[in-house]
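Here's the structure we're looking at; comments come further down.
In mature numbering (1 follows the signal peptide of the UniProt record, and there is no 0), the protein residues as written are -17 to -1, 1 to 117.
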């Protein structure tokens, strides 16, 4: 979450400085989607590695009374499922918030309700594919 916030804010400030005042909304939309894919591809593995290391260290500290191999396999499967769900949740929420913030300026000049519903479904499919593929 911290990784995504920092990455997106840096990337967006670059977008604002790069995009000309002409066609700003189009440029920002393209730039935001690039930022999103770059930041998610960087931050999701970071989230997973941090989460797994913390989870495994906590889990393995309770392994003293059980056989280590059994405990390790249980810890690994539990930590993987927990960390995947946590990191995917962070990924999806960040992706959707950025994607929807792109939708609003694009949809304002057009029929808002129709545009937003199309944009929302597009955001959902894009975010799911991005977050599951990273």
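Each residue gets a CB set at the ideal place from its N, CA and C atoms; glycine is no exception.
In the DSSP assignment, the alpha helix (DSSP H) including residue 44 goes from what residue to what residue?
Sequence index remark: in the chain shown, residue 44 carries index 61 (1-based). Residues 7 to 44.
Just how far apart, CA to CA, sit residue -8 and residue 107?
In the chain shown, the residue the question calls residue -8 occupies position 10. In the chain shown, the residue the question calls residue 107 occupies position 124. One C-alpha to the other measures close to 24 Å.
Going by beta-carbon coordinates alone, are residue 78 and residue 90 separated by less than 9 Å?
By 1-based counting over the chain shown, the position of residue 78 is 95. By 1-based counting over the chain shown, the position of residue 90 is 107. Going by C-beta atoms, residue 78 is not nearer than 9 Å to residue 90.
Specify whether the region 12 to 26 and the region 80 to 87 touch according to this definition: at least 3 beta carbon pairs, one from each stretch, less than 8 Å apart.
yes
Nearest-angstrom Cα distance between residue 74 and residue -12?
Within the chain shown, residue 74 is the residue found at index 91, counting from 1. Within the chain shown, residue -12 is the residue found at index 6, counting from 1. Their backbone Cα atoms lie some 14 Å apart in a straight line.
Since residue 3 contacts residue 14 with CB under 8 Å, what's their CB separation in whole angstroms?
Taking the first residue of the chain shown as 1, we reach residue 3 at position 20. Taking the first residue of the chain shown as 1, we reach residue 14 at position 31. 12 Å between Cβ atoms; not a contact.
Give me the residue from 71, 37, 23 with the minimum Cα distance to residue 62.
Taking the chain shown and counting its residues from 1, one reaches residue 62 at position 79. Among 71, 37, 23, the Cα nearest to that of residue 62 belongs to 37.
Relative to the alpha-carbon of residue 8, which residue among 28, 54, 87 has its alpha-carbon at the smallest distance?
Taking the chain shown and counting its residues from 1, the one referred to as residue 8 is at position 25. When only C-alpha atoms are compared, the closest one is 87.
Going by DSSP, what residue range makes up the alpha helix (DSSP H) through residue 136?
Outside the shown range of the chain (-17 to 117) lies residue 136, about which nothing can therefore be said.
Taking Cβ positions, are residue 31 and residue 58 nearer each other than 9 Å?
Taking the first residue of the chain shown as position 1, residue 31 is located at position 48. Taking the first residue of the chain shown as position 1, residue 58 is located at position 75. No, Cβ-Cβ distance for residue 31 and residue 58 is not below 9 Å.
Would you call the CB atoms of residue 66 and residue 54 closer than 9 Å?
Looking up residue 66 in the chain shown gives position 83. Looking up residue 54 in the chain shown gives position 71. Against a cut-off of 9 Å, the Cβ pair of residue 54 and residue 66 comes out as no contact.
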